[in-house]
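Chains as they are written, first to last, in our numbering: chain A, 1 to 494; chain B, 1001 to 1249; chain C, 2001 to 2202.
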Amino acid sequence: MARTFVGMPPFPVAARSALSDTRLRRNLAHATGTIREKRARVVAEVEDWEDLRRQAAAVKDATLARLDEHLLTLEAALTARGATVHWARDAADACAVVADVARAHGVDEVVKVKSMATQEIGLNEALAAQGIAAWETDLAELIVQLGDDLPSHILVPAIHRGRAEVREIFRTRMAAAGRPAPDDLTDDPAALAGAARLHLREKFLRARMAVSGANFAVAETGTLVVVESEGNGRMCLTLPEVLVSVVGIEKVVPTFGDLDLFLRLLPRSSTGERMNPYTSTWTGVTPGDGPQEVHVVLLDNGRTRALADEVARPVLRCIRCSACLNVCPVYERVGGHAYGSVYPGPIGAILNPMLTGVGSDPATDALPYASTLCGACGDVCPVAIDIPGLLVHERVRVVDAHRADPRPKPEALAMRAAAWVLGDSRRMALGERASGLAGRLRTRRAAPGGRGVLGWLPFPGSRWTGARDLPTPPVESFRAWWRRTGRDEGQGRR
Amino acid sequence: MRVAVMATCLGDAMFPEAPRATVRLLRRLGVEVDVPDAQTCCGQPMVNTGYLDEAVPLVRTTVSAFAGYDAVVVPSGSCAGSVRHQHRMVADRADDAALRRGVADLVPRTHELSEFLVDVLGVTDVGASFPHRVTYHPTCHSLRMLRVGDRPLRLLRAVHGIDLVELPRADECCGFGGTFAVKNADTSVAMGSDKARHVRETGAEVLVAGDASCLMHVGGLLSRQRAGVRTMHLAEVLAATADDPAGVG
Amino acid sequence: MSARDDVLAAVRAALGEDRPDLPAVDRSYRDRDPLPAGADLVDLFVERVEDYRAEVTRCAAADLEATVAAALAGAERVVVPDGLDLAVRGAVPDADLTPTGLDAVDAVVTRASLGVAETGTLVLTHGPGEGRRAITLVPDVHVCVLPASGVVRGVTDAVAALDPVRPQTWVSGPSATSDIELDRVEGVHGPRTLHVVLVSDA
């Protein structure tokens, strides 16, 4: 178990192997295509969708701008309702809190609600190191955990797996973790879900402690919200005696009333439904109902780094819906593993560098470049994060972090040279005259329309010509044409 | 009205047909056209790769080259988007108040070609003739950065003799993405191959788009596949007439 | 310094002293009707609950017990919360049943606090008649009674009407998953059957 993303190759390399995996390509194209259509259908039902996005962004921005105050309000409200509040600077702090609670109750296993925050801090591995088993109970997380695999999507971590693979994982791995899969298990999704139901039910019924995240934390009242589909969340939030919720500090919203935006935006963006099957809210301890010992861990782990960057700050609006992954043409083709993090896709390409910083890890530095800046992500973001704009912002931060490198990268030298040539039209014209000479060379082939094409260039041009032809440069640049004849012929009158 | 054509660096050096056709088309519509000699590149390749300092001289050059014109027409969605949405960031980086003012002055005067034709000149039938089977790829920056909407399609539908066929999954990125095309060449080619497949499925002879860069990428794939599909800039099709079928004189 | 001090200090350092006021949130969305023009509130609610493949039966108040009995067809042991105020055959009062005890019953009958037409959602607030959260979770069949007058138009109305301090469960159809190939399957851990009995006010 306990595979991690640490040490994975940078995106371009990881993407290359993902692209050659035909089964992965097929699974991803099918899954993202399905969910894109569902989302588009239910979003179209909401006439004022664009306004809801803007207002949700405004709520988040206003909250982030006074985050310290809201966190203190949240802490006071939670404490008043019987919850114990912990603060965590980083993953180690947060994992230690959870392990301490588990040890205090003498438990050697916990059940888990799917939670990005606990993925981010590597909680399962940290608990395992202390002899505590953490059982994932979301179906997709179960598939990932049993398959000794890594999550590849925020909402559907096993999106890269097809039904036949899931059947194989259940048949071969379930027995070691508890109740085995039925002998006659088919690859029908309903049968697979049924096997998961039986396998996990014994864990739910005996669990004494659960760990969750939260989609929202209401400062004014101390109310936490978990949005889910399968009921595994409800099992974890309701049946055990002890509940620990690890909540990123950016999850806070000021009032319960603010949820009327997010509960409309999140399900339609995320699963493409008008509403997800189950949403649970709880406020501290409710006597006679649910866990009687409730802990909340407020997690920083790099969030204040993003908060400090005023341009990047809106990334903290993210409500982890995964709509940006589903529409991303890069994600659709390479899947989530290539991003090397629990946060894949366009949001991961900005969130990871913002949480961990840039300039030291080549894999992190490569992430903001894992996008064509096509903008599809920004259009669907329910909290109107300008993802393409922030991708550029992160690229600038990566470049700036390397400006003092003793040996500049070839790319940096090329950009400087290009800026010099293009900084002055006379220098550019000289360059065009040189390329025009190259354009006089006879090529073996011509493209439709008659222009000669180059099918091979030496490195680094081979990065282009490996799969694409390139037209030969024109004999005459536009600039030269304009000087020769264009300026004078048939001038208009308007 | 004094109108300048922004050739774009790629149009100037690699695809002169596009700015030439833009000049011809505008003149045919009675517009007095100029091409400022001092123009070079809007700086987008540097900005989009993260090299803001390197983009500063290019933004300066662009702002000064196009000062004083009533309108700047750009036969490229992405270069028009660069002026309108990124130049301010570069001016902020330079921390130069004069440059900031120059950018603020240039932004509202900058129009992508289809915007200029439809919104400023108020025409959709530009008197073009192009009797070929054509499919149109709406490039990402014209679609999602500039929001040109269906303006290019309205212009194309009015072209005499054209057989315009819809491109499946038209609004999906072709995979070019500037330096993405070489930094992430494998992914870029995977995306472009799907785009090229959709183009072939239409049975079109000609793939039209408003950005030479995207056409270079998809066209490079189509050419490698010997698909027999020609790529043309929107300006070339709109400039084409029965007398001048190539639209470039 | 404690983790608390460090996190708060980091937040304050990130935000700085000078904090310009941001534009206020425009709440006019709350005044807009989330339902399609001309839609009947209750009909739409029923339609949207059924979209999740839940069952809905509409009945008059006088027929409620019979309708619930029919919905429970086959269930022998049915857990009921305090304050349900309905005669149910095979009723097992919830007297602190353990999770395992709950797993051994066939069904549960409760009331709900309100319904949301916009999304086809029932909201339980787990007071009298609705019971603690576990009882509507572990049994495989949930029969949920709601008066038609309890249906509100949208999520906004529901949020405004609810007491945040009470635990809430928003239920939209039976439990479901789309985790395998994005193919929706109803019935994972929560009740696999959700049967809504909507009582007309007349």
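Where is the CB? At the ideal position from N, CA and C, for every residue including glycine. Nothing here was measured: the structure is a model prediction, and the numbers come from that model.
In this structure, the alpha-carbon of Glu-1236(B) lies about 15 Å from that of Arg-1133(B). Listed in chain order, the non-local C-beta contacts of Asp-469(A) below 8 Å within the same chain comprise Arg-445, Ala-447, Val-453, Leu-454, Gly-455, local neighbours out to five positions each way being set aside. In the DSSP assignment, Ala-88(A) falls within the beta strand (DSSP E) that extends over 83-88. Identification of chain B residues near Ala-370(A) by a Cβ-Cβ cut-off of 7 Å yields Asn-1184, ordered along the chain. Under the 7 Å criterion on CB atoms, Ala-1098(B) is classed as non-interfacial with respect to chain A. Contacts with chain A at 7 Å (Cβ-Cβ) include Pro-1016(B). In the displayed model, Ser-1082(B) falls within a helix according to three-state DSSP. Inclusion of Ile-2180(C) and Leu-192(A) in the CB contact set at 7 Å is warranted, their separation being smaller than that value. Against chain B, the CB of Gly-423(A) has a partner CB under 7 Å away; the residue lies at that interface. Straight across, the Cα-Cα distance linking Val-244(A) with Met-1216(B) is about 55 Å. The DSSP assignment places 232-238, 259-270 as complete runs of the alpha helix (DSSP H) inside the stretch 220-284 of chain A, in order along the chain (cut-off: 4 residues). Cβ-Cβ separation between Leu-2086(C) and Val-2068(C): approximately 6 Å, consistent with a contact (criterion under 8 Å). With a minimum length of 4 residues, the unbroken runs of alpha helix (DSSP H) contained wholly in the stretch 1199-1249 of chain B fall at 1212-1224, 1234-1239. Taken atom to atom, the span from the alpha-carbon of Gln-55(A) to that of Leu-2015(C) is near 21 Å. In the DSSP assignment, Gln-119(A) falls within the alpha helix (DSSP H) that extends over 116-120. Relative to the Cα of Ser-1078(B), the nearest Cα in the group Val-1033(B), Ala-1209(B), Ser-1193(B) belongs to Ala-1209(B).
Between Leu-52(A) and Leu-265(A), the C-beta spacing is below 7 Å.
Considering only Gly-2083(C), Ala-2003(C), Ile-2135(C), the residue with the shortest C-alpha distance to Gly-2101(C) is Ile-2135(C).
Using a Cβ distance threshold of 7 Å, Pro-291(A) and Val-211(A) do not count as a contacting pair. C-alpha of Val-358(A) to C-alpha of Leu-67(A): approximately 24 Å in a straight line. One alpha carbon belongs to Pro-1152(B), the other to Leu-1234(B), and they sit about 8 Å apart. Sequence-distant Cβ neighbours of Met-1089(B) in its own chain, meaning closer than 8 Å and more than five residues away, are Val-1047, Leu-1052.
Residues of the stretch 424-441 of chain A with a C-beta less than 8 Å from any C-beta of chain B: Asp-424, Ser-425, Met-428, Gly-431, Glu-432, Ser-435, listed in chain order.
Assignment of Gln-1039(B) by DSSP, reduced to helix, strand and coil, places it in the coil class. At a Cβ-Cβ threshold of 7 Å, Val-110(A) and Met-235(A) do not count as neighbours.
Ranked by how close their Cα comes to the Cα of Thr-1231(B), the residues Gly-1219(B), Val-1031(B), His-1087(B), Ser-1114(B) have Gly-1219(B) in first place. It is roughly 58 Å from the alpha-carbon of Thr-2156(C) to the alpha-carbon of Asp-424(A). At a C-beta separation below 7 Å, Tyr-1051(B) has these neighbours in chain A: Val-399, Met-415.
If you check each beta-carbon in the stretch 201-219 of chain A against every beta-carbon of chain B, none falls closer than 8 Å. Buried is the label assigned to Lys-203(A), since at least 16 other Cβ atoms lie within 10 Å of its Cβ.
Within the stretch 1136-1147 of chain B, the residues whose Cβ lies closer than 7 Å to any Cβ of chain A are, in chain order, Cys-1140, Arg-1144, Met-1145.
CA-to-CA, the gap between Gly-162(A) and Arg-171(A) works out to about 14 Å. By the neighbour-count definition (other C-beta atoms within 10 Å, threshold 16), Arg-484(A) is an exposed residue. Between the alpha carbons of Gly-302(A) and Val-1033(B) lies a gap of roughly 53 Å.
Bridge pairing for Trp-481(A): absent [DSSP]. A residue is called buried when at least 16 other Cβ atoms come within 10 angstroms of its Cβ; Thr-1135(B) meets this threshold and is buried.
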